[in-house]
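To start, the structure under review is shown below, and the notes come after it.
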Amino acid sequence: MNKDCTLVWFRRDLRLDDNPALRAAIAAKTPVVPLFIWSPEEEGAWSPGPASRWWLHQSLEALSGDLKSRGSRLILRKGSFLQTLTGLLSDIHPVRVLCNRIVEPGWLEIEEQISTLLRAEKIPIVSFNGSLLAEPGTLLNRQGRPFQVFTPFWKTLLRVYLPEEGWTAPRVIPAPKQWPDSLPLEALALEPKIDWAGGIRATWTPGEKGAHTQLSAFIKKRLETYPEGRDFPAQSDTSRLSPYLHFGEISPHAIWHCVADRAAFHPHPGLMRGEETFLRQLAWREFAHHLLFHFPHTAESPLRPEFSSFPWRHDPTALEAWQKGLTGYPIVDAGMRELWRTGWMHNRVRMIAGSFLVKDLLLPWQKGAQWFWHTLVDADLANNTLGWQWVAGCGADAAPYFRIFNPVVQGQKFDPEGVYVRRWVPELAQMPVAWIHHPWDAPLEILGRAKVKLGISYPWPIVEHGTARIRALAGLDSVKRLIIETR
DNA sequence: TTTTGAGTTGTTCGA
DNA sequence: GTCGAACAACTCAAA
19 MNKDCTLVWF RRDLRLDDNP ALRAAIAAKT PVVPLFIWSP EEEGAWSPGP
69 ASRWWLHQSL EALSGDLKSR GSRLILRKGS FLQTLTGLLS DIHPVRVLCN
119 RIVEPGWLEI EEQISTLLRA EKIPIVSFNG SLLAEPGTLL NRQGRPFQVF
169 TPFWKTLLRV YLPEEGWTAP RVIPAPKQWP DSLPLEALAL EPKIDWAGGI
219 RATWTPGEKG AHTQLSAFIK KRLETYPEGR DFPAQSDTSR LSPYLHFGEI
269 SPHAIWHCVA DRAAFHPHPG LMRGEETFLR QLAWREFAHH LLFHFPHTAE
319 SPLRPEFSSF PWRHDPTALE AWQKGLTGYP IVDAGMRELW RTGWMHNRVR
369 MIAGSFLVKD LLLPWQKGAQ WFWHTLVDAD LANNTLGWQW VAGCGADAAP
419 YFRIFNPVVQ GQKFDPEGVY VRRWVPELAQ MPVAWIHHPW DAPLEILGRA
469 KVKLGISYPW PIVEHGTARI RALAGLDSVK RLIIETR
């Protein structure tokens, strides 16, 4: 039975179009068995968090539906990758296993083990690059070393990257004579037992179709104003493609293609402004993955080793206030609540909230990274790591240590009318614009009219920014001294 | 080879 | 009120 089929192991590539593994399977002209294995234990500390699991559930449902409409199915299994695959091999005897690579330290190890196992069974496993514009390891500076500064990385990417022709999955995907058993999606228990996902559900449409709808709408309506608009969290000028990209529901090639096409840009003479700004963002994702590939320890520890001895504080109460959006700084709290409710936070606010945790509260960036991992639908190890190390100043191309965001100034600059704050911090909804980003300075009479009782309906600031800033600079001074001593 | 200048995302201070 | 300087150290490529 099924002696000549091709097993396509879906993981972080939950799409049919522009999927190199599926493409190769179709080209082999054999029946295709699409498979997904859920094994969170083996993914270790970085197995998907609750918000990501919710997203994954919807995405598997969508992928399953897309496969069905093409006469195929998605086989779902649960358990260790090795055992599940072994079990399946005796069942369907595929002639080859195809998948798309996940360039993350843990996954590369898993792939090694699987490869060894399959080699013993004389079944070739072939993996493809389906998630990155350029293969990690291929973009190096003149010394043959990985880039640690973004701009030279970007220039090199522009020079070497050729947009690939898109590939569309066929109407019918050849099915095996007999399908192996599959678990129902519910058996993976990806959705929360208590339904807290209402806000997320209302915000997102996971799946390949959702990704393309999102991309088209973004290109049509937002790309032109993107360079400025992307910084204002009350506006919807960002692409919101991050969760789709993380789960491979759309490929970066497809995005590049659509955006660059619009700029009539082939190969790479002048991009239009919006296009260039946006593709640079896509390249930041690329940069993050390449860095994690070259420096796999950075998901846990700082790239700049002198930061290992940074005098971080231990303060569970402050951490909890930050997580719940009760720091007393409206823009920070708005961001943290948007995150909790929708599984996503605007990028500008991620920087402000991140800076606040690390510099104002002096709590380790890893705590922030873990919380984001837990709550983001777009949680991505490479992007999360780069972002947090950037904001903490301990990574590649890091923010200078003296760049400490002032949450009031940032709020006034990027949410000038307080629309974003009012949306997510309703207890401040009636505060006049003049005080919305620093209610503690407002006269009692104003507070009273806005029905704000500081310390009761909305917290006093948990730290005073000016003092906290000086404390952070002092902490960073100790790192600086360490650099000088070890030189 | 050495030097030079620029580098995603900022703030504060003092003239 | 506005503006420039200062706030490190290091990476990378162009000159």
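With my numbering, the residue at position 109 of the first sequence is 127, and numbering never jumps.
Every residue, glycine too, gets a C-beta built ideally from N, C-alpha and C.
These figures come from a predicted structure and were not determined experimentally.
For residue i, three-class secondary structure by DSSP
{"i": "Leu-465", "result": "helix"}
{"i": "Ser-57", "result": "coil"}
{"i": "Val-395", "result": "coil"}
{"i": "Asn-95", "result": "Correcting the residue identity first, residue 95 is Arg in this sequence and not Asn. Arg-95: strand per DSSP, three-state reduction."}
{"i": "Val-497", "result": "helix"}
{"i": "Val-121", "result": "coil"}
{"i": "Ile-143", "result": "strand"}
{"i": "Val-470", "result": "coil"}
{"i": "Leu-34", "result": "coil"}
{"i": "Pro-329", "result": "coil"}
{"i": "Pro-251", "result": "coil"}
{"i": "Val-190", "result": "coil"}
{"i": "Ile-370", "result": "helix"}
{"i": "Trp-214", "result": "coil"}
{"i": "His-536", "result": "Since the first residue of the chain shown is 19 and the last is 505, residue 536 is not available in this structure."}
{"i": "Phe-420", "result": "coil"}
{"i": "Ala-152", "result": "coil"}
{"i": "Phe-265", "result": "coil"}
{"i": "Gln-448", "result": "coil"}
{"i": "Glu-435", "result": "coil"}
Environment of residue i [buried if 16+ CB atoms lie within 10 Å]
{"i": "Phe-420", "result": "exposed"}
{"i": "His-364", "result": "buried"}
{"i": "Pro-285", "result": "Note on Pro-285: pLDDT 44, under 50, position unreliable in the model; no value is reported."}
{"i": "Thr-243", "result": "exposed"}
{"i": "Gln-76", "result": "buried"}
{"i": "Asn-401", "result": "buried"}
{"i": "Glu-59", "result": "exposed"}
{"i": "Val-178", "result": "exposed"}
{"i": "Arg-368", "result": "buried"}
Distance, residue j Cα to residue i Cα
{"i": "Trp-64", "j": "Ser-70", "result": "11 Å"}
{"i": "Val-50", "j": "Leu-201", "result": "18 Å"}
{"i": "Asp-22", "j": "Leu-85", "result": "20 Å"}
{"i": "Gln-232", "j": "Phe-146", "result": "26 Å"}
{"i": "Ile-488", "j": "Leu-462", "result": "29 Å"}
{"i": "Ala-387", "j": "Ile-370", "result": "14 Å"}
{"i": "Phe-171", "j": "Glu-130", "result": "28 Å"}
{"i": "Arg-240", "j": "Ala-306", "result": "25 Å"}
{"i": "Ile-218", "j": "Gly-247", "result": "23 Å"}
{"i": "Leu-357", "j": "Trp-408", "result": "20 Å"}
{"i": "Leu-472", "j": "Trp-478", "result": "6 Å"}
{"i": "Glu-61", "j": "Glu-127", "result": "10 Å"}
{"i": "Pro-348", "j": "His-332", "result": "23 Å"}
{"i": "Glu-122", "j": "Val-451", "result": "45 Å"}
{"i": "Leu-321", "j": "Leu-404", "result": "10 Å"}
{"i": "Phe-54", "j": "Ser-108", "result": "17 Å"}
{"i": "Gln-428", "j": "Ile-422", "result": "11 Å"}
{"i": "Thr-174", "j": "Gly-292", "result": "20 Å"}
{"i": "Val-26", "j": "Lys-195", "result": "16 Å"}
{"i": "Leu-158", "j": "Gly-372", "result": "30 Å"}
Beta-bridge pairing of residue i - partner residues as DSSP gives them
{"i": "Arg-114", "result": "Thr-24"}
{"i": "Tyr-476", "result": "Leu-472"}
{"i": "Pro-164", "result": "Leu-158"}
{"i": "Pro-52", "result": "Val-26"}
Distance CB(residue i)-CB(residue j) smaller than 8 Å
{"i": "Glu-267", "j": "Pro-334", "result": "no"}
{"i": "Ser-133", "j": "Ile-141", "result": "no"}
{"i": "Phe-168", "j": "Asp-398", "result": "no"}
{"i": "Arg-41", "j": "Val-190", "result": "no"}
{"i": "Thr-48", "j": "Pro-192", "result": "yes"}
{"i": "Asp-249", "j": "Phe-432", "result": "yes"}
{"i": "Pro-52", "j": "Leu-106", "result": "no"}
{"i": "Leu-309", "j": "Pro-164", "result": "yes"}
{"i": "Ala-39", "j": "Leu-116", "result": "yes"}
{"i": "Ala-352", "j": "Tyr-438", "result": "yes"}
{"i": "Pro-251", "j": "Val-395", "result": "no"}
{"i": "Ser-149", "j": "Arg-280", "result": "no"}
{"i": "Pro-68", "j": "Leu-74", "result": "no"}
{"i": "Glu-226", "j": "Leu-34", "result": "yes"}
{"i": "Phe-374", "j": "Thr-393", "result": "no"}
{"i": "Glu-304", "j": "Leu-151", "result": "yes"}
{"i": "Arg-355", "j": "Trp-442", "result": "yes"}
{"i": "Trp-406", "j": "Gln-341", "result": "no"}
{"i": "Trp-72", "j": "Leu-263", "result": "no"}
{"i": "Cys-276", "j": "Ile-237", "result": "yes"}
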